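Working notes for the structure below.
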Amino acid sequence: MIPHQVNPTAESVIPSVTRIPVTDVSPVVDQGRYPATAVLGEDIPVSATVFREGHDSLGVTVVLLDPEGNEVQRVRMHPGAPGTDRWHARIRPSALGRHTFAIESYADDFLTWYRAAVIKVDAGVDVQLMLDEGVHLFERVQRSRAERQKFTPQACELFADAVTVLRDSSLSPPQRLEQINTAELQQVLEDQPLRSFVGTTGGYPLDVQRPAAGQGSWYEFFPRSEGAYIDEDTGLWVSGSFATAEKRLAEVAEMGFTVVYLPPIHPIGTTHRKGPNNTLTAGEHDPGSPWAIGSPQGGHDAIHPDLGKKKDFKRFVKTARKHQLEIALDLALQCSPDHPWVEEHPEWFTTRLDGTIAYAENPPKKYQDIYPLNFDHDPQGLAEEIHRVVLHWIKLGVKIFRVDNPHTKPLWFWEWLIATVREDHPETVFLAEAFTRPAMMHALGKIGFQQSYGYFTWRNSRDEIAGYLHEISHDTPAFYRPNFFVNTPDILTEFLQSGLRSAFAIRATLAATASPLWGVYSGFELFEHVPRPGAEEYIDNEKYQYRPRDFRGAEAAGNSLAPYLRHLNAIRATHPALGQLQNLQLHSADTPNILVYSKVRNATPAGIHRDRDLVTDSLGPEHSDSIDRVIVVLTTDPEHVQEATITLDRAALQLPATGEFQVKDLITDAVWTWSDQNYIRLDPGIHVAHILTVLPPEEEQS
């Protein structure tokens, strides 16, 4: 008994299973419970497993719908590795908001007929019948007004021409088949295939966010250190302020950074205040850790009086905007023992059996100057207060929040807070400072954090780095976007403790080219590398004291990496391929200390139809001038010269299968003629990397 009858020419599906099944769709996060994330203008790879019974041809299309449910892009998918039944395409969202995408599967009637016709006509089997079936196929469009409306007038004209050729008895049957298979007809049928048994999946959510959510160059500094000095009369430190820190913004912007991240700017408690190098006893004039938030002068919605007042902060934000910089503010949900919340809302903290409030610990580290928040006793009251605090800073011009230790707070809270804030302020960006287990880091991304710190800092060898780059670009980008910070006040890795200039250049090159998000903590460009004994932290840590620096003097003396950082950011700004996460492809080298990867971005992805107008931009290797190709060849050894033969994957680079091509080094401007295999030599005392662009033919040099 047949459970359902389906008209084979109607665009309908059998309930629960399409006539041509679609499974394993990507990017889909937890079966669609959470949206996959995308950045405006970013290429999003879409994949699905699609198959059918028998040997007839099938086709697959991905359809992108805008937040109102209107179709905005329709992209033909193409088969992947033979035998896998995987189909692939890329979509590029061009508007913000909660989109959906669906997969359409269908029988490709032209390909089914044409392949069978070629075989049978060549064999002399059912020759006239196969020609008649071709005529019937193309006339199908003319028989139904609804069918004709699916195609452009150009397509209908080509179909009519094909009917004429198939009926032309002056041509042999093989000639008729050959003459209808024109490039024009192939292109039309690529864009507007003759379909039957069309099935459509449900819509999968895709959250398209502003570029700053997934692209940016971050620079961290402490406002209190910028302009701080020792008073000659008293011998005491005078804190920097927003007014003095404002002068630093031009230099940061000139280095090409786009985001200035500020540690907490709130009043700091005095109870159990930490002294220099995290000592338990602070002097009377030691400034304390900015993360010990709160004093009688205010809490999370207040500004430290040494830094200025609200009007000074607003001016600081305004000046940053003039330099095309955004301000990211630290959102640290913890309190000093002197925070107003401690007295007003003791239920927001953990009280131990002896009546004391528990301070923060990360064994063996102890933070006696910090009380963590507890969401178990008054979750609604605490959540609403934090929401109020976030809105307070948004009103003052802050749209980006770097969230301290979000993995120590309940996931439900972050999901609620981020969704609630973004409902009225969709431009808001949240970065998770979470160095913890992968499950928690991934969960934070799924429930709303657009960015996260990650394990990049501790990946040093070629194979470690390669494995991590593949993971973040191919396995988890739908919900986890890492911000590659090369250092932080709390992280000074052994690799950088060497103090070698080449080590700093290696990490900066890797961060700036492998991820569309990267960051630098102030002092990195001055090669600061001395650790506090027994800790992976800086000696004289800026968290506990003032650290003014002579950036201009160091650069004038040639003791600064700032010119190189400036160059890296300039390369990023002019090569859109580096602004993508999911396009990273690894290549091979025959020595273990050379890492090779590439990023490619088309001017317009192949097959995109814009605004339902069925206009197609079909880009291939012959349109190399429309493709941005960047190849990075990097040494992971900061001490020794490395020589290698590297082998490039031409398909990954969207290059023709054969032939030489020219590459230009974006660091040195040198130009070389390359092929599949190329010899390279990197001397870390001179250059730690080649950052190469593939020159289009018209720019090649003789």
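In terms of the numbering used here, the sequence shown opens at residue 339 and continues consecutively.
A virtual CB, placed ideally from N, CA and C, is assigned to each residue, including glycine.
Since this is a predicted model, take the numbers as computed values, not measurements.
### Message
Here's the rule: buried if 16 or more other CB atoms are within 10 angstroms of the residue's CB, otherwise exposed. What is A314?
### Response
Because the chain in this structure spans residues 339 to 1040, residue 314 falls outside the shown range and cannot be described.
#### Entry: Three-way DSSP call (helix, strand, coil) for D714 in this model
coil
### Task
Hey, could you find the ends of the alpha helix (DSSP H) E589 is sitting in?
L587 to E592
### Task
Use the C-beta contact count for R950: other C-beta atoms within 10 angstroms, 16 or more gives buried, fewer gives exposed.
Any reading at R950 must be qualified, since the residue scores a pLDDT of 31, below 50, and its modelled position is unreliable; the value itself is stated next. The residue is exposed, with fewer than 16 neighbouring Cβ atoms inside 10 Å.
### Task
Count the C-beta pairs between the segment 364-372 and the segment 381-388 that are closer than 8 angstroms, then say yes if the count reaches three, no if not.
yes
#### Entry: Span of the alpha helix (DSSP H), counted from its first residue to its last, around D446
Counting along the chain, D446 falls outside any alpha helix (DSSP H), though it belongs to the beta strand (DSSP E) covering G435 to D446.
### Q530 versus V465: straight-line alpha-carbon distance, rounded
27 angstroms
#### Entry: At least three beta-carbon pairs within less than 8 angstroms, the segment 643-662 to the segment 715-730
no
### Query
Beta carbon of W856, beta carbon of N821: below 9 angstroms?
yes
### Task
To the nearest angstrom, report how far apart P643 and F833 are at their CA atoms.
38 angstroms
### Task
Compute the Euclidean distance between the alpha carbons of E495 and P420, then round it to the nearest angstrom.
35 angstroms
#### Entry: Span separating the alpha-carbon of K337 from that of P543
Only positions 339 to 1040 of the chain appear in the structure, and residue 337 is not among them; the question remains open.
### Task
Look up Y859 in the DSSP assignment and give the residues it is bridged to.
E558
### Task
Find out if the Cβ-Cβ distance for the pair V670, W629 is shorter than 9 angstroms.
The amino acid at residue 670 is misidentified as Val; the sequence shows Ala. Their beta carbons are under 9 angstroms apart, which means A670 touches W629 by this criterion.
#### Entry: E893 - DSSP class collapsed to helix/strand/coil
helix
### Query
With distances taken between CB atoms, is the gap from V598 to A640 smaller than 9 angstroms?
no
### Query
When the Cα atoms are used, what is the spatial distance from T356 to V401?
16 angstroms
### Query
Does the segment 402-418 come within contact of the segment 426-445, defined as at least 3 CB pairs closer than 8 angstroms?
yes
### Coarse secondary structure for T954, derived from DSSP in three states
Residue confidence for T954 is low, a pLDDT of 31 falling below 50, so the modelled location carries little weight and cannot support an answer.
### Message
So for K704, helix, strand or coil by DSSP?
### Response
strand
### Query
Among residues of its own chain, excluding the 5 on either side of H1028, which ones have a beta-carbon nearer than 6 angstroms to its beta-carbon?
V971 and D1003
### Query
DSSP state of H730, grouped into three classes?
helix
### Cβ-based neighbour list, E880, same chain, cut-off 7 angstroms, excluding 5 preceding and 5 following
F560, S563 and P827
### Query
Between the beta-carbon of S555 and the beta-carbon of A900, is there less than 9 angstroms?
no
### Query
Straight-line CA distance for Y1017 to E998?
14 angstroms
### Message
Let me check one thing: in DSSP terms, what residues is E981 bridge-paired to?
### Response
R1019
### Query
Just checking, does the segment 740-747 make contact with the segment 765-784 on the three C-beta pairs under 8 angstroms criterion?
yes
#### Entry: Per-residue burial, G540 [other beta carbons within 10 Å of its own, 16 or more giving buried]
exposed
### Task
For the alpha helix (DSSP H) containing S840, list its first residue and its last residue.
R839 to A852
### Message
If I measure Cβ to Cβ from F739 and keep anything under 8 angstroms in the same chain, skipping five residues before and after, which residues do I get?
### Response
A666, L667, D668, L669, V728, W731, T766, V767, F768 and L769
#### Entry: R819 in three-state terms, based on DSSP
coil
### Opening and closing residue of the alpha helix (DSSP H) in which W679 lies
P678 to E682
### Own chain residues within Cβ distance below 6 angstroms of I756, not counting five before or after
F768 and G786
### Message
Comparing C-alpha positions only, which one of D624, A500 and T450 sits nearest to Y882?
### Response
D624
### Query
Which one of E874, D545, I877 and E866 has the shortest CA to CA distance from F889?
E866
#### Entry: Rounded separation between G958 and E391 - CA only
Note on G958: pLDDT 35, under 50, position unreliable in the model; no value is reported.
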